[in-house]
Structure formats: C-alpha cells, structure tokens
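Asks: This is the structure I want to talk about, given as structure tokens.
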Amino acid sequence: MELSFTKLGFDPQLLDYSETLSLQRRLHTAVQQGSAPSTVLLLEHADVYTAGRRTEPADLPGDGTPVVDVDRGGKITWHGRGQLVGYPILHLRDRSLVKDYVCVLEKTLIRILATDFGITGTQVPGRSGVWITSDGPDRKIAAIGLRVHRSVTMHGFALNCSNDLAPFENIIACGITDAKTTSISAELGYEVTPEQVADRVTEELRRALPPLLHRHDDDAPALAGTTGHGADQGTCEMSRTTEGAPQ
Numbered sequence: 002m003e004l005s006f007t008k009l010g011f012d013p014q015l016l017d018y019s020e021t022l023s024l025q026r027r028l029h030t031a032v033q034q035g036s037a038p039s040t041v042l043l044l045e046h047a048d049v050y051t052a053g054r055r056t057e058p059a060d061l062p063g064d065g066t067p068v069v070d071v072d073r074g075g076k077i078t079w080h081g082r083g084q085l086v087g088y089p090i091l092h093l094r095d096r097s098l099v100k101d102y103v104c105v106l107e108k109t110l111i112r113i114l115a116t117d118f119g120i121t122g123t124q125v126p127g128r129s130g131v132w133i134t135s136d137g138p139d140r141k142i143a144a145i146g147l148r149v150h151r152s153v154t155m156h157g158f159a160l161n162c163s164n165d166l167a168p169f170e171n172i173i174a175c176g177i178t179d180a181k182t183t184s185i186s187a188e189l190g191y192e193v194t195p196e197q198v199a200d201r202v203t204e205e206l207r208r209a210l211p212p213l214l215h216r217h218d219d220d221a222p223a224l225a226g227t228t229g230h231g232a233d234q235g236t237c238e239m240s241r242t243t244e245g246a247p248q
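Under the numbering used here, the final residue of the sequence shown carries the number 248; numbering is consecutive throughout.
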C-alpha cells in the first residue's frame, strides 16, 4: 500500500495554521475517496493557540490572545517555531484501530527519543502523548490529538524540539494542571531543531504505520498485532484516549 510523506516547511518557512488546516481537510477528502494515498505532513507552524472540542473557558489565555477553534479531540495547546508537527492523514483498516494508532505514534516518538537522544520517554495511563516522569516533576514532551471521520485520520502529534516553553504558561495546556512541558533541547541543554528530527520521524513512521492502513486488496490479511517495530500495533495494554492531549 502507498504511504506518502511531505515536508511542508521548517523555520524560517513557518506554516500558517488555518491554511494548513484547509490542506488537511482537502487531503482527508482525497484519501477517503481513494484519489490520494495516506499521507504524513511534517512542518513547523507560526505561533498559534488551537482549542479542541473539550476546551473550557478557564483553559484559555489569560491575556486574551486569539485562539483557533478546531475539530480535534482534546483541549487547548500551542504550536510554533521549534516544534515538529506531524499530520498523518491515514485511511485506517478499521475505525476500531484508533487506540492502536495512538499507541504507535507514542511508541515511535519514545523510540526516537531514546535511541537518538538518550531521553527516556514513557506513556502515562489515561493521558495521551509522551511524558518524562524521572528526574523531577512529570513533563510532557509530545502531544497527540485526533479526529477520525470515515476511518480517515486528521491532526496528529506535536514534538517539542527547540521551542520556547513560555507560551504553555499562558494557558492550561491540554487541561492538565499537575505537570509541566519540556522539549528535547531543554532536556539535553543544546539545540535540536524540528528539521533535524524530521527525517528520523519519517523513517520510523514509514515502518510503523503501514500495518494499520487500509488495503485496496480485498484479500489482504488482518492486522497481526506484531508487525512493524516489535509489537507496537495491537498491544496497547494501558488505558489510552483518542482525545487526550490536543494537537
């Protein structure tokens, strides 16, 4: 099956959120209709706050900074310079695979953090995204939030690479009050940019995602649960949420 990857732009070519959202919607329609392959968009946004369906008034910026309302799960978050954003527009084999898909994204990012940067990320029961739970307070390094319509995904993940963490202090990020945010650069003490990480994310997702995808071959075998890297698919043992941390 086809799986395409497109780099839309990195600093200094920052992408406007509203324009990229329109692109996602057009691509979602094309993938659902079969006129385009499942595609992963990788990019860096111009600074923006986006609010998912579960955002509450208390979560919003206290200084009145504008917020873009979006049709994903989760609450409010921030995107901007220094953050790698990935929008996988994927035709899943079945809508029931959404939680497995969340796990695949999380485990892929956890693997990259460990193998490339020596950072120990983890999953946290009941909270989507990637967390660091050692050496201090819990802190989120990657967020995930989705919309799935007719088995085709939208939105995706945001990995904090070299971004300023101050914008998260102006909101109740993801509706979570008992944890902080962090980035690869903050953990390591030197700069790692989204563009430097994008190729590794592409490499790992190219291996991990295909077992979840719809096949045009009617005789294609069912998802085995042990394909790709290790047992990323079909082995989501802890409670996951498809809304979780917004993205």
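Cβ coordinates follow ideal geometry from the N, Cα and C atoms, glycine included. In this text the structure is predicted, and so the values were computed from the model without any measurement.
1. DSSP on I185, reduced to helix/strand/coil?
2. Would you check if the region 53-64 and the region 76-96 touch, i.e. whether three or more CB-CB distances between them fall below 8 Å?
3. Given this structure, state the Cα-to-Cα distance separating A252 from L206, to the nearest angstrom.
4. Please identify the residue among V41, P13, R26 and V202 whose C-alpha is closest to the C-alpha of T7.
5. Report the partner residues of Y88 according to the DSSP bridge assignment.
6. Mind checking whether I185 and C162 have CB atoms under 9 Å apart?
7. Please check if any C-beta of chain D sits within less than 9 Å of the C-beta of T78.
8. Going by Cα to Cα distance, which pick from A199, D72, L98 and Y88 is closest to A52?
9. Between the C-alpha atoms of D17 and N164, what's the straight-line distance to the nearest angstrom?
10. Within its chain, find whatever has a CB closer than 6 Å to the CB of L166; leave out the 5 residues flanking it on each side and keep chain order.
Replies: Result, derived from the coordinates:
1. helix
2. yes
3. An answer regarding residue 252 cannot be provided, because it is not within the stretch 2 to 248 covered by the chain.
4. V41
5. L42
6. yes
7. Structure shown: chain D not included; a single protein chain is present.
8. D72
9. 17 Å
10. T182
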